[in-house]
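Asks: Numbered according to this note's numbering, the sequence shown terminates at residue 1080, and the numbering increases by one at each position without gaps.
Cβ coordinates follow ideal geometry from the N, Cα and C atoms, glycine included.
Sending over a structure as structure tokens; questions will come in a sec.
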Amino acid sequence: MTSIIPKLPMRNKDTTRNFYEKLGFKPSENDFPGYLMMKNESVEIHFFEFTDLVPAENYGQVYIRISDIETLYSLYLEKNIEIHPAGSLGKKAWGQKEFSILDPDNNLITFGQAL
């Protein structure tokens, strides 16, 4: 089986780590300067330092397929995690139920579940 691990830009390692911990991810035991690895039970995301990143110009994004989207959506609302203004939980024409958030560096994180 092949794994695909997305790599997203980050301006500040501590800010990124704290945000993704709030989402339920944990940092890897490995710690490298300018690089961060966050994972949960099924997903691992890597981040590379890009201190000159302008969030408004960042188009980084990742799509994460999950099996219980409504529970995750409710959990994030309870934790006051801001849902993307155009990314509320909803059924999509392509057969997915999805919602999206933006991280501190404007990386779009979309969660989806097959209908």
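(1) Suppose the cutoff is 8 Å on Cβ atoms and the five residues either side in sequence are ignored; what does the same chain contact list for L1018 look like?
(2) With which residues is A1079 paired in a DSSP beta bridge?
(3) Which partner residues does L1001 have in the DSSP bridge list?
(4) Residues bridged to I969 by DSSP?
(5) DSSP on K1056, reduced to helix/strand/coil?
(6) State yes or no: is the C-beta of I1074 within less than 8 Å of the C-beta of I1029?
(7) From the DSSP output, in three-state form, read off I1046 for me.
(8) Please determine if the region 1000-1014 and the region 979-990 are in contact, where contact requires at least 3 C-beta pairs separated by less than 8 Å.
Replies: Considering the structure as presented:
(1) Taking the sequence shown and counting its residues from 1, one reaches residue 1018 at position 53. Here the set comprises P974, M975, R976 and D1070.
(2) Within the sequence shown, the letter at position 114 stands for residue 1079. Paired residues: Q1061.
(3) Indexing the sequence shown from 1 puts residue 1001 at position 36. F1012.
(4) As a working mapping, residue 969 is identified with position 4 in the sequence shown. Paired residues: none, contrary to the question.
(5) What you label residue 1056 is simply residue 91 of the sequence shown in a count that begins at 1. It is a strand residue.
(6) Position 109 of the sequence shown, counted from the start, is the residue given in the question as residue 1074. Position 64 of the sequence shown, counted from the start, is the residue given in the question as residue 1029. Yes, the pair counts as a contact, with Cβ atoms nearer than the cut-off.
(7) Counting from one through the sequence shown, the residue named residue 1046 turns up at place 81. The answer is coil: DSSP assigns I1046 none of H, G, I, E or B.
(8) yes
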